[in-house]
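Participant:
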Amino acid sequence: MCGIVGYIGKKEKKSILLDGLKELEYRGYDSAGIAIIEKDGLKHFKAVGKLKNLRDKTKNYSSSGFGVAIGHTRWATHGKPTELNAHPHLGEYSFVVHNGIIENYQEIKDELEKMGVTFLSQTDTETIVHLFEKNNSDFKNPFNSFKQTVSKLNGAYAILLITEAEPESIFFAKSGSPLLIGFNEEDEIYFASSDTPIIGKATEVYYLEDGEYGYAKKGEVKLFDSSGIEKKILKKPLPTDKKMAQKDGFRFFMEKEIYEQSQVMNDCMIGRVLDDRVEFEELDKSLFENINSIKICACGTSYHSALTGAYLFERLAKIPTQVEIASEFRYKEPLLQRDTLFITISQSGETADTLEALKMANRAGLKTLTICNVDNSSIVRESGSAILTRAGIEKGVASTKAFATQTMVLWLLSLYIAELKGNISKDRLNRELNAVRKVPKVLIVTDRLHDKIHRLSKRYLHGHGFFFIGRDIFFPLALEGALKLKEISYLHAEGYPAGEMKHGPIALADSELFTIALMPKSLHYDKIKSNVEELSARDATILAISPEEFELADDFIRTKYSSHAMLEFFEMMVITQLLALEVSIRLGNDVDMPRNLAKSVTVE
Ligand code: AGP
Numbered sequence: 010m011c012g013i014v015g016y017i018g019k020k021e022k023k024s025i026l027l028d029g030l031k032e033l034e035y036r037g038y039d040s041a042g043i044a045i046i047e048k049d050g051l052k053h054f055k056a057v058g059k060l061k062n063l064r065d066k067t068k069n070y071s072s073s074g075f076g077v078a079i080g081h082t083r084w085a086t087h088g089k090p091t092e093l094n095a096h097p098h099l100g101e102y103s104f105v106v107h108n109g110i111i112e113n114y115q116e117i118k119d120e121l122e123k124m125g126v127t128f129l130s131q132t133d134t135e136t137i138v139h140l141f142e143k144n145n146s147d148f149k150n151p152f153n154s155f156k157q158t159v160s161k162l163n164g165a166y167a168i169l170l171i172t173e174a175e176p177e178s179i180f181f182a183k184s185g186s187p188l189l190i191g192f193n194e195e196d197e198i199y200f201a202s203s204d205t206p207i208i209g210k211a212t213e214v215y216y217l218e219d220g221e222y223g224y225a226k227k228g229e230v231k232l233f234d235s236s237g238i239e240k241k242i243l244k245k246p247l248p249t250d251k252k253m254a255q256k257d258g259f260r261f262f263m264e265k266e267i268y269e270q271s272q273v274m275n276d277c278m279i280g281r282v283l284d285d286r287v288e289f290e291e292l293d294k295s296l297f298e299n300i301n302s303i304k305i306c307a308c309g310t311s312y313h314s315a316l317t318g319a320y321l322f323e324r325l326a327k328i329p330t331q332v333e334i335a336s337e338f339r340y341k342e343p344l345l346q347r348d349t350l351f352i353t354i355s356q357s358g359e360t361a362d363t364l365e366a367l368k369m370a371n372r373a374g375l376k377t378l379t380i381c382n383v384d385n386s387s388i389v390r391e392s393g394s395a396i397l398t399r400a401g402i403e404k405g406v407a408s409t410k411a412f413a414t415q416t417m418v419l420w421l422l423s424l425y426i427a428e429l430k431g432n433i434s435k436d437r438l439n440r441e442l443n444a445v446r447k448v449p450k451v452l453i454v455t456d457r458l459h460d461k462i463h464r465l466s467k468r469y470l471h472g473h474g475f476f477f478i479g480r481d482i483f484f485p486l487a488l489e490g491a492l493k494l495k496e497i498s499y500l501h502a503e504g505y506p507a508g509e510m511k512h513g514p515i516a517l518a519d520s521e522l523f524t525i526a527l528m529p530k531s532l533h534y535d536k537i538k539s540n541v542e543e544l545s546a547r548d549a550t551i552l553a554i555s556p557e558e559f560e561l562a563d564d565f566i567r568t569k570y571s572s573h574a575m576l577e578f579f580e581m582m583v584i585t586q587l588l589a590l591e592v593s594i595r596l597g598n599d600v601d602m603p604r605n606l607a608k609s610v611t612v613e
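Residue numbering for the sequence shown follows the numbering used here, starting at 10 and increasing by one per position.
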């Protein structure tokens with residue numbers, strides 16, 4: 010969570026920081042702040058809420074000449090979203106921004122307080138700046154003091170620190186939270202927690218590894234590894250295309266991302282869907298040697314695609330597959346066996362729980378593969394192999410196109426493994442590939458469909474809850490539909506296996522309980538029909554999504570008759586996304602930045 014930017018150079022620093030933070034605002038928007046050291050000394054500004062408030066507060070300020078600057082946008086972990094708890098945190102003469110959690114902060118804080126240090130905030134971060142200044146009063150050497158400080162921290166962090174004791178430097182350190190350094194030919198130096206803020210500004214980038222730290226000053230960066238040995242900085246070229254990050258006339262990024270799904274699905278499939286087989290150039294076939302089962306670990310929406318993938322792996326590749334929520338997996342003392350392929354799924358590639366689950370699997374000697382949307386992210390770097398989903402930057406906090414492409418990659422992977430293991434007939438493989446090729450078309454959003462959902466959405470703004478129900482692969486889709494709705498509408502929604510309703514939840518049924526019934530024709534239609542009839546008999550309000558007219562439905566969205574369940578899956582996925590979007594817009598919510606959430610969950 011949280012976003013960090015930093016800059017060393019001659020340009021106007023306030024706008025560089027604010028523009029950079031704007032790119033990261035989706036990571037957290039409880040508060041934001043900046044601190045700058047220039048020839049006139051140290052300046053800082055903080056504001057609660059979205060970045061716009063900080064922009065307003067700083068409108069009469071601009072920096073001049075050479076200087077160093079750091080900024081932060083916050084998703085609160087320790088302490089309420091107040092100005093005092095906003096970063097950058099101040100000591101006597103230094104400022105720090107931090108992304109992550111310092112687990113032993115209380116211990117450090119207690120010691121510092123005994124020495125007479127006064128803390129202003131409730132955050133873990135403030136301990137860093139006070140510990141630094143305490144060390145500097147002993148060592149009288151800012152970089153050694155920073156190094157000492159970092160060595161005392163447990164937990165996850167990406168840190169930038171500036172100090173009047175060395176006013177032309179930024180000290181940095183990374184462990185567990187992402188941090189990168191950008192370079193260009195003008196001798197400017199940029200820092201950020203992901204590459205979007207520096208695209209178009211820097212031309213080359215270095216992604217820090219865990220345990221690395223160092224300092225940067227005009228035209229010079231010194232980098233050290235965890236044992237204090239100086240490291241050569243191996244820079245990579247930075248992509249230049251930021252077009253995908255703009256809204257292109259849509260009201261919200263989420264809306265744009267729903268409409269983009271057809272196109273990104275094509276991108277996801279290119280070079281992978283061949284005439285008569287699936288190919289993943291990035292995979293070495295030996296990855297699947299001696300593999301007898303698969304375990305998939307993920308969180309949130311990525312967990313829902315994992316659940317869908319498990320049906321496909323078992324059905325098509327005939328390989329036993331288990332799915333686990335990463336935050337549960339971490340602490341259950343799991344039994345890991347070497348003949349299990351460990352797959353993680355993550356849009357951001359930075360989710361702390363998923364990353365830690367992956368590290369556990371690596372430590373246990375399992376082969377690991379990640380399905381991820383962000384190249385060079387922590388999870389991609391930690392994983393033995395990686396398949397990129399190629400969904401492009403996803404900015405809406407509520408994930409849409411990332412889910413669609415994750416699910417496609419899982420479907421393709423199940424076919425790839427099925428063929429590799431000789432578990433699928435030529436005929437079945439061809440039928441699957443024919444269906445795969447139709448997906449981009451199924452994902453096209455027509456005006457007719459969008460208008461219909463827009464009109465219908467006004468009837469779903471109240472009630473005491475929503476049940477999304479489905480069977481088989483439509484059960485994870487029901488979970489995902491419910492998550493989308495609750496994330497951005499703040500209405501209570503549950504996803505349930507349709508056959509499970511009668512084992513308890515049906516007790517809630519009355520006319521104010523809205524049931525969104527996923528009723529595909531190609532998979533267990535009669536079974537789900539009976540489940541929906543049971544709910545209708547208890548007066549629940551039913552919105553049926555199906556190619557088949559359903560007379561008990563209060564509302565009905567007709568889908569196409571498709572011979573393949575995955576085509577029905579993707580069509581219904583778009584409908585549930587649009588429904589959540591339209592309900593949220595009618596309720597006047599901020600679709601892209603819903604309350605209490607952040608795009609990238611880098612704390613456990
Ligand atoms: C999706 O709409 C959510 N915002 C959230 O559940 C997300 O999928 C989850 O935090 C996992 O993120 P990741 O895919 O980046 O690992």
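Built from N, CA and C at the ideal position, the CB exists for glycine as well. A quick note: this is a predicted structure, and the numbers were derived from the prediction, not measured.
1. Is it the case that the Cβ atoms of residue 193 and residue 212 are separated by a distance below 7 Å?
2. Buried or exposed: where does residue 50 fall if 16 or more other Cβ atoms within 10 Å of its Cβ makes it buried?
3. Taking buried to mean at least 16 other C-beta atoms within 10 Å of its own C-beta, is residue 70 buried or exposed?
4. How many angstroms separate the CA atom of residue 591 from the CA atom of residue 451?
5. Relative to the ligand AGP, is the shortest distance from any of its heavy atoms to the C-beta of residue 360 smaller than 6 Å?
6. State the beta-bridge partners of residue 83 as determined by DSSP.
7. Can you list, in chain order, the residues of its chain with a C-beta nearer than 7 Å to that of residue 253? Leave out the 5 residues immediately preceding and following it.
8. In angstroms with no decimal places, state the Cα-to-Cα distance between residue 517 and residue 559.
9. Can you tell me where the alpha helix (DSSP H) with residue 607 in it begins and where it stops?
10. Please report the residue range of the beta strand (DSSP E) in which residue 552 lies.
11. Any chance the CB of residue 498 is under 6 Å from a heavy atom of the ligand ZN?
12. Can you tell me where the alpha helix (DSSP H) holding residue 115 begins and where it ends?
13. Just to confirm before moving on: does the CB-CB distance between residue 405 and residue 262 stay below 7 Å?
14. What is the DSSP secondary structure of residue 275, reduced to helix, strand or coil?
15. Taking just the CA atoms, how far does residue 42 sit from residue 291?
16. Under 7 Å Cβ to Cβ from residue 294, same chain only, skipping five residues before and after it: list those, please.
17. Are there 16 or more other CB atoms within 10 angstroms of the CB of residue 356, so buried, or fewer, so exposed?
18. Cα separation between residue 534 and residue 380?
19. Whole angstroms is fine: what's the gap from residue 492's alpha carbon to residue 502's?
20. Confirm, please, whether the CB-CB distance from residue 97 to residue 39 is below 7 Å.
21. Which residues mark the beginning and the end of the alpha helix (DSSP H) in which residue 546 is found?
22. Can you determine whether any heavy atom of the ligand AGP sits closer than 6 Å to the C-beta of residue 309, and answer yes or no?
23. Does the ligand AGP have a heavy atom nearer than 6 Å to the CB of residue 353?
24. Does the beta carbon of residue 357 fall short of 6 Å from some heavy atom of the ligand AGP?
Facilitator: By the coordinates alone:
1. yes
2. exposed
3. exposed
4. 20 Å
5. yes
6. 40
7. Residue confidence for residue 253 is low, a pLDDT of 47 falling below 50, so the modelled location carries little weight and cannot support an answer.
8. 22 Å
9. Run containing residue 607: none; DSSP gives neither H nor E here.
10. 550-555
11. In the structure shown, the ligand ZN is absent; the only ligands present are the ligand AGP.
12. 114-123
13. yes
14. helix
15. 41 Å
16. 429
17. buried
18. 31 Å
19. 7 Å
20. no
21. 534-546
22. yes
23. no
24. yes
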